[in-house]
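Residue numbers (numbering that gives the first Met the number 0): 0 to 493. Ideal Cβ positions, reconstructed from N, Cα and C, are used throughout, including at glycine. Okay, structure first, notes after.
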Amino acid sequence: MRGITKVFPGAKALDGVDLEVEAGEVHCLLGQNGAGKSTLIKVLAGAHQPDGGDLAWDGEAVVLPSPTAAMRHGISTIYQELDLVDGLSVADNIFLGHERARFGLTRRGETATAARELLRSLGHPEIAPGTEVGSLSPAQQQIVSMARALSHDTRLIVMDEPSAVLTQDEVGNLFRVIRELTAAGVAVLYISHRMAEIRAIGNRVTVLKDGRTVAGGLPARTPTAQLVALMTGRETAYDFPQRGRRAERARDEVLRVENLTLPGSFEDVSFTVRAGEIVGLVGLVGSGRSEILHAVYGATRPASGAVLVDGRALPPGRVTAAVRAGVGLAPEERKSQALFLQDSVVRNVSISSLGRFARFGWLDRRREAAAATERVAALDLRPADPQRAVRTLSGGNQQKAVLARWLLRGCRVLLLDEPTRGVDVGARSELYALVRELADSGVAVLFVSSEVPEVLGLADRALVLREGRIVHEAAAASLKESHVLDLVMEESRP
């Protein structure tokens, strides 16, 4: 790709981007949210048409007018927001658009067999081809999306944050599959914010910033500080705010969880969070982390146990009661579970507080917009356009919109599930600072993260989960990453 440009109304997403990928290599694409990565891969996938520049395939100029045309050339794309159809089976999703058919009739047995072989090659024979894909976990859906990409005669496969919902074992399996693909001559374009993954699996790196290529063809083992500096202008991947002393002084208990149990997810979980304190839950995917947050929020009804806010027990399984008590949740899947993507930033921020702006059944839109705009400005959400559709924002700014919602609501307890998932290293430091500011204002924060350094750097206290039980609790500053990893994987050190 040479000099690729793409202009949207009011914004130039790509401004002369260059990218060159070779057969049999893992080429990593880095950049902050808003740098142009998603737009570039959509041009490559035929979903967007470039306004300028040239694209060559096997040394010859080519035009990709549609995703179908891209797939005919052997280009397959796995997007971060998976494009699976919930109502269809695993097998139907894998072969959607190129069904195995004869005389217009789908050959179900042949389709199921082919799907089963693909899933086995990906290390997941337990996923049944006939299962409805909507019933699978996010990690299993990611595997199905990979199988779908591999069901074509693929020569270049684009992976956008493929490890975001995978466990460490599953990431290892993903890397095994990638190495097998590249050994067979397939090229992989790999997008990730995780620097350790780039070094582990990548061959070369291209860095985008503000819609331009600032570095191309760098070795994947280029020092992290240099890559971060190219993306952001600074040299640290994690930039945590200084821990305030409020958490040390605070003694007012806001959230208490007592013996909470949900068979198959978590068992006999108890902990507290005080005003001004940030508590981090750390554990492997499937350890019960997210399920605990959902139970506290009332989205899931536990089998037993109690959740108390300011000493008052919340009725189990009732989100409305939790919100009224001052509990707010920013879920892991913010696009599907927290945001109204077609609506404005204002409406997304005000949606949980509409009662404040209604009188006699009528909504005062001016007061609603003024209050939401004030919260948006306080969080420095960019672009500073409260009427902008929230779907057009970067991942970090979408997360800010969710935080602004609960800031407007005046929540007492803030639950954050993977708050920096899909957020670049530059926006992460802003989110860390915002969370710390909320805690310093007296909010009790409970958050889940797959990244141990994030928990140890941001939290005041860490709770280590293994197989649905809290196995260790300590001040986050006193823990080492290696010790935490041993605990979550049930490996003990003397």
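Query                                                                                                               : Result
Bridge partner(s) assigned by DSSP for residue 471                                                                  : 463
Of the residues 6, 443, 343, 213, the one placed nearest residue 49, counting alpha carbons only                    : 6
Segment contact flag, the region 200 to 210 with the region 28 to 44, C-beta cutoff 8 Å, min 3 pairs                : yes
Where residue 264 falls, given that 16 or more other Cβ within 10 Å makes a residue buried                          : buried
Proximal residues to residue 109 (C-beta, below 8 Å), its chain only, five neighbours per side dropped              : 99
Minimum length 4: unbroken alpha helix (DSSP H) runs contained in the region 122 to 208                             : 137 to 149, 167 to 182, 194 to 200
Residue 247 versus residue 15 - alpha carbon distance                                                               : Because residue 247 carries a pLDDT of 49, less than 50, the predicted location of this residue cannot be relied on, and the following value inherits that uncertainty. Near 51 Å, if we compare the C-alpha coordinates of residue 15 and residue 247.
Outcome for residue 227 when other beta-carbon atoms lying within 10 angstroms are tallied against a minimum of 16  : buried
First through last residue of the alpha helix (DSSP H) which encompasses residue 400                                : 394 to 408
Burial state of residue 91 (16 or more Cβ within 10 Å)                                                              : buried
Identity of the residue in 191, 119, 113 nearest residue 26 by Cα                                                   : 191
Closer than 7 Å: residue 265 CB and nearest the ligand MN heavy atom                                                : In the structure shown, the ligand MN is absent, as is every other ligand, since no ligand is present at all.
Residue from 479, 397, 455, 331 whose Cα sits closest to the Cα of residue 347                                      : 397
Length of the line joining the Cα atoms of residue 115 and residue 134                                              : 17 Å
Three-state secondary structure (DSSP) of residue 494                                                               : The structure shown does not extend to residue 494, since the chain is modelled only from 0 through 493, so no value can be given for it.
Residue span of the alpha helix (DSSP H) that contains residue 120, given as start and end                          : 107 to 120
Residues that DSSP places opposite residue 72 in a beta bridge                                                      : Its beta-bridge partners do not exist; DSSP assigns none.
Exposure of residue 480, with buried meaning 16 or more beta-carbon neighbours within 10 Å                          : exposed
Complete alpha helix (DSSP H) runs within the region 325 to 368 (minimum length 4 residues, chain order)            : 333 to 336, 344 to 349
Residue 256 beta carbon less than 8 Å from that of residue 459                                                      : no
Contact check, residue 382 vs residue 371, beta carbons under 8 Å                                                   : no
Alpha carbon of residue 435 to alpha carbon of residue 457, nearest angstrom                                        : 8 Å
8 Å contact criterion, which residue 193 and residue 219 should meet: CB distance rounded                           : Not really, about 12 Å apart at Cβ, beyond 8 Å.
6 Å Cβ shell around residue 123 - same chain, five flanking residues per side excluded                              : 142
Cβ pair residue 215, residue 19 closer than 8 Å                                                                     : yes
Beta strand (DSSP E) segment containing residue 281, residue limits                                                 : 277 to 281
Through-space distance from residue 331 to residue 197, alpha-carbon basis                                          : 23 Å
Candidates 179, 83, 85, of which the one nearest residue 120 by Cα                                                  : 179
Residue 453 classed as buried or exposed, judged by whether at least 16 other C-beta atoms fall within 10 angstroms : buried
Short Cβ contact (8 Å threshold) for residue 400 with residue 413                                                   : no
Own chain residues within Cβ distance below 6 Å of residue 148, not counting five before or after                   : 75, 77, 156
Between the CA atoms of residue 433 and residue 377 - distance to the nearest angstrom                              : 10 Å
Three-state secondary structure (DSSP) of residue 482                                                               : helix
Neighbourhood of residue 46 by C-beta, 6 Å cutoff - its chain only, sequence neighbours within 5 removed            : 66
Same chain, Cβ closer than 7 Å to residue 402, five either side skipped, listed in chain order                      : 329, 378, 433
Integer Cβ distance of residue 325 from residue 308, believed to fall under 8 Å                                     : 6 Å
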